[in-house]
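> Pasting in a structure now, in structure tokens, and then I'll have a few things to ask.
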């Protein structure tokens, strides 16, 4: 039993409570938040080291052994995702210092950010399906507050849609958990896997599996993504970056865990549905990225394409495709956070979010321009950057499984990702400057009119530093892909061999 597993939740939870007590002291909040983020990175890195050297780690709360008690489990997949989450949390936090505005800082921005990290890390580490729901709710309640923080008209309008969709999906989640418990009498995920295998998946269990698929698809933006492009375009830049990097990825993690550990016995039903949804997501996401001419929409549809791509890896369910899904998931968390930070800086620098009003930014902001260009290449999967290895493994796994149409669609969507981001780069950074600065911002109804106006006069140079830190990680992940693959392969083994997870939790 390893008590270390609860620390990635306890550190941000205690920090959030402390920050509430000093809500009017902004500088102190910043210092405490950075110290907490660094401490949590250290905790997550040590947990990863323990998993690498000693195998899957478990924690039975209050000594109640499974299947009766609450259990936390850190396999390689969970450990990698927790470490990536804490790193993204730190860089988005540093970016916030120069961009979020004092008004939001006084209204519990930093405590809410910490509560969000609690929910995300808890979702990755929990070992039972009901506590997965609880951690989802902690994450979502924090995101509800963050998306409306500032109270602009756009935020309020989009937050209603965001909340309604997530309340509906949470209600379905509870119903699915209740049905599953009624049929199997278990909530522990390892125990559920054993009982579903003994009962034989089919009939009622297949119906419950599809219900879980609908729930997690709503949360991940897999096919049921109609709420995402507007909602993720509403909050200010650092919040949108965290949403794009983390929230949909928690839904994808839930899909990976559920359909490789519990519902993997009748893949002709469940994984066929996932395959169709992945294909539709990539195709519709690509159409959206091509159709729109404003920066937030283009970036949001790129998030949707990547969700479909990772789901393709799950649908194929081969060793290669699942390894690739894990690798690409880690890459996408870092790259999407970076893309949204740079996208927000572009909007601030140009004074408009419309491509037709941008141009010539490369003269005043060359570092920002080339950072955006390299990020776009990484997301499109151009070697040797970080997106390439994951895409290669997913496509190769898909071809091994005979998923030729999905493999072709994934390659086509990669070209569209490249085209959409290069088009954005060319429109924003080359040609003649067309921005009318603050007037343009007002006309284009930026997500945060008041805050963006205050930022318009500030130097973007300091905002580049956290973005540059993320870019270094994205490049390092590509250049060190072989080293990282050692960790990813171990995570993929847990997905392809559920007995590793089950034996570690149930100690059989």
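In my numbering, the protein residues as written are -12 to 495. Cβ atoms here follow ideal geometry from the backbone N, Cα and C, with glycine treated the same way.
(1) Looking only at C-alpha atoms, which of 268, 119 and 34 sits nearest to residue -8?
(2) Are the region 114 to 128 and the region 74 to 89 touching by the rule of at least three beta carbon pairs closer than 8 angstroms?
(3) Buried or exposed: where does residue 108 fall if 16 or more other Cβ atoms within 10 Å of its Cβ makes it buried?
(4) Which whole-angstrom value is the C-beta distance of residue 170 and residue 197, which I expect to be below 8 angstroms?
(5) Could you please give me the residues that DSSP links to residue 46 through a beta bridge?
(6) Going by the CB atoms, is the gap between residue 303 and residue 268 shorter than 8 angstroms?
(7) Hey, could you find the ends of the alpha helix (DSSP H) residue 484 is sitting in?
(8) Among -11, 408, 461 and 469, which one has its Cα closest to the Cα of residue 279?
(9) Could you pull out every residue in the same chain whose Cβ sits closer than 7 angstroms to the Cβ of residue 165, ignoring the five residues on either side in sequence?
(10) Using CA coordinates, which residue listed in 50, 64 and 65 is at the minimum distance from residue 58?
(11) From what residue to what residue does the alpha helix (DSSP H) around residue 115 run?
(12) With distances taken Cα to Cα, identify the nearest neighbour of residue 321 among 144, 68 and -12.
(13) Going by beta carbon distance, what residues of the same chain come within less than 6 angstroms of residue 145, once the five residues before and after it are set aside?
(14) Can you name the residues that DSSP bridges to residue 281?
(15) Using a Cβ distance threshold of 8 angstroms, determine whether the region 179 to 194 contacts the region 121 to 134, with at least three qualifying pairs required.
(16) Measuring CB to CB, does residue 176 end up less than 8 angstroms from residue 261?
(17) Report the partner residues of residue 175 according to the DSSP bridge assignment.
(18) Shorter than 7 angstroms, the distance from the beta carbon of residue 79 to the closest heavy atom of the ligand NAD, or not?
(19) Return the CA-CA distance between residue 310 and residue 379, expressed in angstroms with no decimal places.
(20) Which of the three DSSP states, helix, strand or coil, is assigned to residue 470?
(21) Can you say whether residue 402 is buried or exposed, counting buried as having 16 or more other CB atoms within 10 angstroms of its CB?
(22) With distances taken Cα to Cα, identify the nearest neighbour of residue 227 among 134, -12, 26 and 70.
(23) Across the region 235 to 242 and the region 86 to 93, are there enough close Cβ pairs to call them in contact, namely three or more that are closer than 8 angstroms?
Taking the definition as stated:
(1) 34
(2) no
(3) buried
(4) Between residue 197 and residue 170 the Cβ distance is about 14 angstroms, and since that is not below 8 angstroms, they are no contact.
(5) 59
(6) no
(7) It is not in any alpha helix (DSSP H) - residue 484 carries neither H nor E in the DSSP assignment.
(8) 408
(9) none
(10) 50
(11) Segment: none, residue 115 is in no alpha helix (DSSP H) and carries neither H nor E.
(12) 68
(13) 217, 218 and 221
(14) 341
(15) no
(16) no
(17) 115
(18) The ligand NAD is not part of the structure shown, which contains no ligands of any sort.
(19) 10 angstroms
(20) helix
(21) exposed
(22) 134
(23) no
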